[in-house]
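Novice:
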Amino acid sequence: MRIVIAGAGEVGTHLAKLLSHEKQDIVLIDEKEERLNTLASNFDLMTVTASPTSIEGLKNAKTENADLYLGATAIPSAA
14 MRIVIAGAGE VGTHLAKLLS HEKQDIVLID EKEERLNTLA SNFDLMTVTA
64 SPTSIEGLKN AKTENADLYL GATAIPSAA
């Protein structure tokens with residue numbers, strides 16, 4: 014199954030780690046390249062450095078081919 018996770022914060026990272034152990038095709042989208050590089054080097058997942066709310070970023074992550082899309086981004090007013 015191809016799963017796209019938008020947001021590499023605490024929740025998105027936790028989901029990506031869990032699902033990568035299940036041998037799913039995980040794509041993690043976030044603007045923080047350093048965080049994505051660390052996760053990609055430690056877990057079996059692909060990364061896209063882009064805003065999870067950007068149409069171009071979503072296209073680069075090939076969300077149209079996803080079986081599941083999970084949004085795990087922060088609400089700016091709550092941060």
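Number 85 in this note's numbering belongs to position 72 of the sequence shown; there are no gaps in the numbering.
Cβ coordinates follow ideal geometry from the N, Cα and C atoms, glycine included.
For Leu28, I'd like the list of residues in its chain whose CB is within less than 7 Å of its CB, leaving aside the five on either flank, ordered along the chain.
Specialist: Ile18, Leu83, Ala85
Novice: Quick one: Cα of Ala53 to Cα of Thr26, how far?
Specialist: Inter-residue distance for Ala53 and Thr26 is about 11 Å (C-alpha atoms, whole angstroms).
Novice: Do the CB positions of Ile42 and Pro65 come within less than 8 Å of each other?
Specialist: yes
Novice: Per DSSP, which one or two residues make a beta bridge with Leu49?
Specialist: Partner(s): none; Leu49 has no beta bridge.
Novice: To the nearest angstrom, report how far apart Lys36 and Ala21 are at their CA atoms.
Specialist: 19 Å
Novice: Could you have a look at Leu31 and say whether DSSP puts it in helix, strand or coil?
Specialist: helix
Novice: Buried or exposed, going by whether 16 or more other CB atoms sit within 10 Å of the CB of Ile88?
Specialist: Classification of Ile88: exposed, given that the 10 Å Cβ count is below 16.
Novice: Cβ of Glu77 within 8 Å of Cβ of Thr62?
Specialist: In this structure, Glu77 sits away from Thr62, with a CB-CB distance that is not shorter than 8 Å.
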